[in-house]
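Chemist:
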Amino acid sequence: MRKKVLLIIPAYNEEKNILNTYKTIENYNKKSDYKYDVIVINDGSLDNTKSILEENKIPHINLVENLGIGGAVQTGYKYAYMNNYDIAVQFDGDGQHDVNYVKNIIDPIIDGKADMVIGSRFIDLTSSDFKSTMSRQMGIKLISFFIKLKTGKKIYDTTSGFRACDRKIIERFSRSYPLEYPEPITTTELLKDKFVIDEKAVSMKERVAGKSSIGSWKNAYYMFNVILSIVLMGGRK
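Residues in the sequence shown are numbered consecutively from 189, following our numbering.
#1: If you draw a straight line from the C-alpha of residue 252 to the C-alpha of residue 234, how long is it?
#2: Measure the C-alpha to C-alpha separation of residue 363 and residue 375 and round it to an integer number of angstroms.
#3: Using a Cβ-Cβ distance cut-off of 8 angstroms, determine whether residue 294 contacts chain D.
#4: Identify, in the order they occur along the chain, each residue of the same chain with its Cβ nearer than 6 angstroms to the Cβ of residue 366, setting aside the five sequence neighbours on each side.
#5: Apart from the five residues on each side of it in sequence, which residues of its chain come closer than 7 angstroms, Cβ to Cβ, to residue 266?
#6: Under a three-way DSSP split, which group does residue 245 fall into?
#7: According to DSSP, simplified to helix, strand and coil, what is residue 193?
#8: Along the beta strand (DSSP E) that carries residue 387, what are the first and last residues, could you check?
#9: Under 8 angstroms between the Cβ atoms of residue 297 and residue 352?
#10: Going straight from the alpha carbon of residue 189 to that of residue 274, what length do you get?
#11: Provide the residue span of the beta strand (DSSP E) that contains residue 275, from first to last.
#12: Under 8 angstroms, do residue 230 and residue 249 count as touching if we go by C-beta distance?
#13: On the three-state DSSP scale, how would you describe residue 215?
#14: Using the three-state DSSP reduction, which class does residue 408 fall into: helix, strand or coil?
#15: Out of curiosity, what's the CA-to-CA distance linking residue 377 and residue 383?
#16: In or out: residue 391 buried (at least 16 other Cβ within 10 Å) or exposed?
#17: Is the beta carbon of residue 197 less than 8 angstroms from the beta carbon of residue 269?
#18: Is residue 308 near residue 282, with beta carbons less than 8 angstroms apart?
#19: Let me make sure I understand the geometry here. Which of 194, 256, 295 and 310 has the alpha-carbon closest to that of residue 247?
#20: Residue 290: which of 409, 204, 368 and 225 sits nearest, CA to CA?
#21: Check this for me: beta carbons of residue 228 and residue 331, under 8 angstroms apart or not?
#22: For residue 310 and residue 243, what's the separation of their Cα atoms in angstroms?
#23: Assuming residue 347 and residue 380 form a contact by the criterion Cβ under 8 angstroms, report the distance between their Cβ atoms to the nearest whole angstrom.
#24: With DSSP collapsed to three states, give me the class of residue 296.
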């Protein structure tokens, strides 16, 4: 039986990107045997994102205020759980993620080999031209070191927002999901709880327009808080 797959697309002030992102997925669905459903979480955008979603009849949920990436993505997981999706894929609305690589990260789940799969720029250095800034790459490596120290498992692309989860994790994330630093924190928690996490090589692109939600990479604040959260991690209830 074919798995139901949902792409969760958080969007905050993505008026210049969101329509093209959706059309890229639509075009993929027209050519492919495997079809992906979409839900865009409009995270209280202040620009024309909401109007674009409505005018183009793009499936979406409007949040009444900006909850941040954690709150927006959890809304998507709640939707996935309530609508009985087998696999949920986090997919950026800014055009950085390539829909052609969704298959790479859902196949290990379909085959029963993983509970979550992370789309990684760093396990195959030839897979993606866009690697992010050197300072951010250094931060990712440092976070990777502390995740391995905490769990015994090396994760290469610790902040990748391109990842797929099975039904068990969809349910878990629908109930509890961190508002800050969600990718490295949830990855560490899942590894500590013995979920199987894999990484698959994907290609990512540089953001075409707009501003990343992780502006704090320009200084050490983000990295320090992520590492501190991992080191002090117990279990969230």
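Every residue gets a Cβ at the ideal spot worked out from N, C-alpha and C, and that includes glycine.
Modeler: To lay it out plainly:
#1: Taking the straight line joining both Cα atoms gives about 11 angstroms.
#2: Across the structure, residue 363 and residue 375 are spaced so that their CA atoms are roughly 16 angstroms apart.
#3: The chain inventory of the structure shown lacks chain D, comprising one protein chain alone.
#4: Cβ contact annotation for residue 366 (same chain, cutoff 6 angstroms, sequence separation greater than five): 258 and 373, in chain order.
#5: Closer than 7 angstroms at Cβ, skipping near neighbours: 362.
#6: In the three-state scheme derived from DSSP, where H, G and I count as helix and E and B as strand, residue 245 is classed as coil.
#7: DSSP places residue 193 in strand when its eight states are reduced to three.
#8: Looking at the DSSP string, the run of the beta strand (DSSP E) that includes residue 387 is 385 to 389.
#9: In this structure, residue 352 lies closer than 8 angstroms to residue 297 by Cβ.
#10: Taking the straight line joining both Cα atoms gives about 11 angstroms.
#11: Its beta strand (DSSP E) spans residues 275 to 278.
#12: Yes; because the gap between Cβ atoms is below 8 angstroms, this pair is in contact.
#13: The DSSP-derived three-state label of residue 215 is helix.
#14: Coil.
#15: Distance between the alpha carbons of residue 377 and residue 383 is about 9 angstroms.
#16: Classified as buried, residue 391 has 16 or more neighbouring CB atoms from the shown chains inside 10 Å of its CB.
#17: No, these two residues do not count as a Cβ contact at 8 angstroms.
#18: Cβ distance not < 8 angstroms, so residue 308 and residue 282 don't count as in contact.
#19: Taking each of 194, 256, 295 and 310 in turn and checking the Cα distance to residue 247, the smallest one comes out for 194.
#20: Distance from the Cα of residue 290 is smallest, within the candidate group 409, 204, 368 and 225, for 225.
#21: Between residue 228 and residue 331, the CB-CB gap reaches or exceeds 8 angstroms.
#22: Their backbone Cα atoms lie some 38 angstroms apart in a straight line.
#23: That pair is no contact at about 18 angstroms.
#24: Here residue 296 carries a helix assignment [DSSP, helix/strand/coil].
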